[in-house]
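The block underneath contains the structure these notes are about, expressed in structure tokens.
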């Protein structure tokens, strides 16, 4: 019992699913995706076969509406099922069984399918679609913005518990080893969508590509500021440390914090790392 959105980004060719529910770890049961193929959200008395079956049928090149028809016709409890799919062309379809708990329904649009059940009302889906279409930027942020809009419109009328985000793209996983670009889950939390937004921001910090405009030269005033941060974090004792010790300590901080992807040559620092350090040092004081 949940609300979700599956979507395709034609520019990046990313496919993604965002889901929220008053249900423990909903993303573990709802979300299926494969780069270059499609994405499936299976919910409302979840049929776990819909995920792999939907992906297989999309990979075979079948029409999305025919896929929905084939999966539901072969399911004796299709009256209780809900499913949304989108393929790697942006073609989408959604299905809601006649006995899904109200309010229930969904909309399939260009590059997305949005659906939910046990919702506060139809406005949950309406607001989710508005937010998805109005939000600019990466697919992940558009999907989470859609979830937040659905939550603000009433969301799951039973309450809140979990939220998740899955985005796939070719070689998008760690070290390019697989397609799992973003896989974030908030399994049990009083404000799961807000927490999902927070950890997505962390994901951006750790893994998003470094922008040239974010590389800052460490001049004298900035070095003094970073030195005070390192002292506040108990990583440096002397405000007049040597160049070697200063840069060694700064590098050590970044490696401990897992900023390997943002590490710069001596004399430079990534703006996002600096902001993170500033915040951590303030909290340490």
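Residue numbers (the working numbering): 730 to 1014.
Ideal placement from N, C-alpha and C gives every residue a C-beta, glycine not left out.
Would DSSP call residue i helix, strand or coil?
i, result
"residue 993", "coil"
"residue 890", "coil"
"residue 841", "strand"
"residue 898", "coil"
"residue 737", "strand"
"residue 756", "helix"
"residue 816", "strand"
"residue 903", "helix"
"residue 874", "helix"
"residue 985", "helix"
"residue 999", "strand"
"residue 861", "helix"
"residue 952", "helix"
"residue 1010", "helix"
"residue 688", "Given a span of 730 to 1014 for the chain in the structure shown, any question on residue 688 remains unanswerable."
"residue 928", "helix"
"residue 767", "strand"
"residue 885", "strand"
"residue 920", "coil"
"residue 830", "coil"
"residue 823", "strand"
Thinking just about the alpha-carbon of each residue, which of the options is nearest to the one in residue i?
i, options, result
"residue 909", "942, 896, 885 and 920", "896"
"residue 999", "883, 1011, 980 and 790", "980"
"residue 951", "883, 968 and 802", "968"
"residue 738", "760, 982 and 765", "765"
"residue 830", "844, 840 and 820", "844"
"residue 851", "832, 784, 943 and 920", "832"
"residue 988", "996, 1002 and 994", "1002"
"residue 839", "819, 758 and 957", "819"
"residue 787", "802, 763 and 970", "763"
"residue 853", "767, 744, 785 and 748", "748"
"residue 888", "903, 957, 919 and 1012", "919"
"residue 767", "866, 898 and 803", "898"
Kindly list the residues whose CB is nearer than 6 Å to the CB of residue i, restricted to its own chain and excluding five residues on each side of it in sequence; keep chain order.
i, result
"residue 822", "793, 794, 797, 814 and 837"
"residue 780", "761, 769 and 771"
"residue 875", "734, 857, 860 and 861"
"residue 996", "947"
At the level of alpha carbons, what is the spacing between residue i and residue j?
i, j, result
"residue 936", "residue 915", "19 Å"
"residue 926", "residue 881", "14 Å"
"residue 959", "residue 941", "25 Å"
"residue 931", "residue 912", "12 Å"
"residue 736", "residue 974", "48 Å"
"residue 777", "residue 991", "39 Å"
"residue 730", "residue 805", "19 Å"
"residue 878", "residue 856", "6 Å"
"residue 740", "residue 1014", "44 Å"
"residue 808", "residue 774", "10 Å"
"residue 1010", "residue 964", "11 Å"
"residue 817", "residue 870", "19 Å"
"residue 954", "residue 966", "14 Å"
"residue 826", "residue 834", "9 Å"
"residue 791", "residue 810", "21 Å"
"residue 799", "residue 842", "18 Å"
"residue 1006", "residue 938", "19 Å"
"residue 934", "residue 928", "10 Å"
"residue 884", "residue 872", "15 Å"
"residue 1008", "residue 868", "27 Å"
"residue 986", "residue 924", "20 Å"
"residue 784", "residue 956", "52 Å"
Are the C-beta of residue i and some C-beta of chain E separated by less than 8 Å?
i, result
"residue 976", "Of the chains in the structure shown, none is chain E; there is only one protein chain."
Within 7 Å: the Cβ of residue i and any heavy atom of the ligand HEM?
i, result
"residue 762", "As presented, the structure is devoid of all ligands, the ligand HEM included, so that no description of it is given."
Tell me which residues share the same chain as residue i and place their Cβ nearer than 7 Å to its Cβ, disregarding the 5 neighbours each side in the sequence.
i, result
"residue 753", "890, 891, 916 and 917"
"residue 961", "1010, 1013 and 1014"
Excluding the 5 residues preceding and the 5 following residue i in the sequence, name in chain order all residues of the same chain whose CB lies nearer than 8 Å to its CB.
i, result
"residue 943", "999, 1000 and 1001"
Next on the checklist: Within 8 Å, do at least three Cβ pairs link the region 857–866 to the region 888–908?
Outcome noted: With the cut-off at 8 Å, the region 888–908 and the region 857–866 do not touch.
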